[in-house]
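Comments concern the structure below.
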Amino acid sequence: MGGNAFTSLPQEAFPRLPPELYRTLKAYFTILLQDLYTHVAVPREAPEKEDYGDIDFIVCAPKTDCSHKDIQEVLGAVHVIPLQGNKTSNFAIPITAQYGELMPVNGVVYCQVDINVCEDVKEWERICFFHSYGDMGMILGIVALNVGLAWGANGLKYPHPPHPPIILSKDHREILDFFGLSFDRWSSGFVTQEEVFRWVTSSRLFDPSRFSSAGQKVKPVRKMYHNFIQQVKGLDSALDSLPTSQMSLGLDNAINRRDEVRAEALVHFGKKSELEEFLQQVRTRETVKGIFNGHNVNEWTQLGGRWKSVKLVMDAVREKYGGERGLMDIIETEGEEGIKKRVLEASKVLETT
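Per this note's numbering, the sequence shown starts with residue 147, numbered consecutively.
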């Protein structure tokens with residue numbers, strides 16, 4: 147997850163790890179970290195990898211007040227990039243002896259260990275899931291994006307810019323159920339990339355036509371994701387022979403489907419009323435602002451651009467009539483004149499104090 151974080155050290159000092167050595171080091175470091183944290187795991191690796199770079203640990207629930215210095219000493223790291231809070235810190239650990247005959251250059255050979263400290267067990271489980279099987283999380287994120295949702299390590303969200311997204315769920319089991327994906331199948335494990343791809347494409351919300359349009363943007367360095375795109379193109383090859391009119395119809399259907407899924411998600415996760423209430427608040431705020439603003443108050447009170455005085459009048463009106471909701475009630479019953487009347491009354495009171 148941290149990539150090659152130690153840019154001050156030569157790249158050849160961090161050689162790729164053969165599978166056997168990777169597994170040995172992972173098991174060894176796991177035991178060491180279990181002395182510090184209750185929950186320690188490495189997300190399930192991408193299938194069919196020939197070698198490995200970093201070892202990514204996800205941890206939570208420290209057994210004591212655990213500092214970066216403590217972790218450094220336990221792991222035997224000589225270089226550290228510490229980050230506070232719920233972020234990933236990087237540790238460079240000499241493995242010259244373990245690397246043995248495989249060492250490609252003279253000098254010290256390191257293994258980079260990245261440690262992501264989670265806030266609680268739920269977040270730990272969620273991140274372990276989303277970062278499992280290589281690019282699986284990225285692929286699931288695109289499946290969600292194609293139906294107008296945002297799925298990441300922090301859960302599933304309902305975007306509605308320019309406003310903040312609504313969190314639909316942080317429980318990956320609930321999210322998988324909505325997408326029609328089997329958690330039990332994921333739990334049983336994937337031996338090959340093909341098995342991961344078959345599982346993802348079994349989702350009721352998977353649409354190969356939406357993936358083919360994004361395929362050209364994929365960087366070959368993301369090998370598993372690149373392989374997935376190539377496979378999806380094969381599933382969707384029939385689109386290439388469709389007339390333009392039919393392809394446009396397909397796009398219209400995709401847009402309609404997107405709107406349907408977004409609406410379904412709100413109901414499924416019990417967030418429809420939350421969105422409606424939020425949008426009502428936005429409409430109220432905009433309506434009130436359109437009438438009860440500095441420009442109008444300055445004009446009504448003839449304060450001549452004395453903006454501090456304008457602000458005092460507006461603050462007094464807000465406080466007396468219950469903020470935006472109270473002002474909206476006045477607008478609905480009396481219109482702009484009702485607001486103007488209250489502003490002038492407040493201005494007169496302030497003049498006499």
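Ideal Cβ placement from N, Cα and C applies to all residues, glycine included. Quick caveat, the model's predicted, so the values are computed rather than measured.
Going by DSSP in three states, residue i sits in which element: helix, strand or coil?
i, result
"residue 487", "helix"
"residue 202", "strand"
"residue 179", "helix"
"residue 192", "coil"
"residue 151", "coil"
"residue 299", "coil"
"residue 351", "coil"
"residue 499", "coil"
"residue 315", "strand"
"residue 378", "helix"
"residue 443", "helix"
"residue 327", "coil"
"residue 184", "strand"
"residue 165", "helix"
"residue 360", "Per-residue confidence for residue 360 stands at a pLDDT of 48, beneath the threshold of 50, marking its modelled position as unreliable; the derived number appears in the next sentence. Here residue 360 sits in helix by DSSP."
"residue 388", "Residue placement at residue 388 cannot be trusted, given a pLDDT of 42 that sits under 50; what the coordinates show is reported in the next sentence. Coil at residue 388, not helix or strand."
Using the C-alpha atoms, what's the distance from residue j back to residue i?
i, j, result
"residue 478", "residue 424", "19 angstroms"
"residue 185", "residue 267", "8 angstroms"
"residue 323", "residue 329", "8 angstroms"
"residue 356", "residue 484", "52 angstroms"
"residue 332", "residue 306", "30 angstroms"
"residue 494", "residue 433", "25 angstroms"
"residue 470", "residue 435", "9 angstroms"
"residue 409", "residue 419", "12 angstroms"
"residue 175", "residue 429", "54 angstroms"
"residue 488", "residue 454", "18 angstroms"
"residue 393", "residue 354", "With a pLDDT of 38 at residue 393, under the threshold of 50, the modelled position of that residue is not reliable, and no figure is offered here."
"residue 194", "residue 296", "28 angstroms"
"residue 486", "residue 480", "10 angstroms"
"residue 444", "residue 490", "10 angstroms"
"residue 368", "residue 162", "16 angstroms"
"residue 201", "residue 335", "19 angstroms"
"residue 264", "residue 437", "47 angstroms"
"residue 431", "residue 216", "51 angstroms"
"residue 294", "residue 304", "8 angstroms"
"residue 211", "residue 218", "14 angstroms"
"residue 221", "residue 253", "20 angstroms"
"residue 226", "residue 234", "11 angstroms"
"residue 152", "residue 238", "8 angstroms"
"residue 292", "residue 318", "18 angstroms"
"residue 199", "residue 240", "14 angstroms"
"residue 228", "residue 150", "15 angstroms"
"residue 371", "residue 284", "8 angstroms"
Using beta carbons (cut-off 8 angstroms, strictly below), is residue i in contact with chain D?
i, result
"residue 352", "The structure shown contains no chain D; it holds only a single protein chain."
Apply the 10 Å Cβ neighbour rule to residue i and answer buried if 16 or more other Cβ atoms are within range, or exposed otherwise.
i, result
"residue 441", "exposed"
"residue 301", "buried"
"residue 315", "buried"
"residue 457", "exposed"
"residue 402", "exposed"
"residue 406", "exposed"
"residue 177", "exposed"
"residue 339", "buried"
"residue 243", "exposed"
"residue 260", "buried"
"residue 271", "buried"
"residue 465", "exposed"
"residue 269", "buried"
"residue 223", "buried"
"residue 277", "buried"
"residue 519", "Since the first residue of the chain shown is 147 and the last is 499, residue 519 is not available in this structure."
"residue 189", "buried"
Measure from the alpha carbon of residue i to the alpha carbon of each residue in the options, then state which is nearest.
i, options, result
"residue 258", "156, 281 and 207", "156"
"residue 214", "236, 380 and 378", "236"
"residue 165", "415, 191 and 150", "191"
"residue 337", "279, 402, 319 and 264", "279"
"residue 313", "160, 411, 437 and 341", "411"
"residue 348", "369, 370 and 325", "325"
"residue 273", "206, 463 and 228", "206"
"residue 256", "210, 299 and 171", "171"
"residue 449", "415, 497 and 482", "497"
"residue 160", "400, 187, 197 and 180", "197"
The ligand ADP and residue i: does any heavy atom of the ligand fall closer than 7 angstroms to the residue's C-beta?
i, result
"residue 375", "The ligand ADP is not among the ligands present in this structure, which contains no ligands whatsoever."
Go through the stretch 211 to 297 residue by residue and report every complete run of the alpha helix (DSSP H) that reaches 4 residues or more, in order. 214 to 221, 242 to 245, 267 to 276 and 282 to 291
Curious, which full-length beta strand (DSSP E) runs of at least 3 residues does the stretch 400 to 428 contain? none
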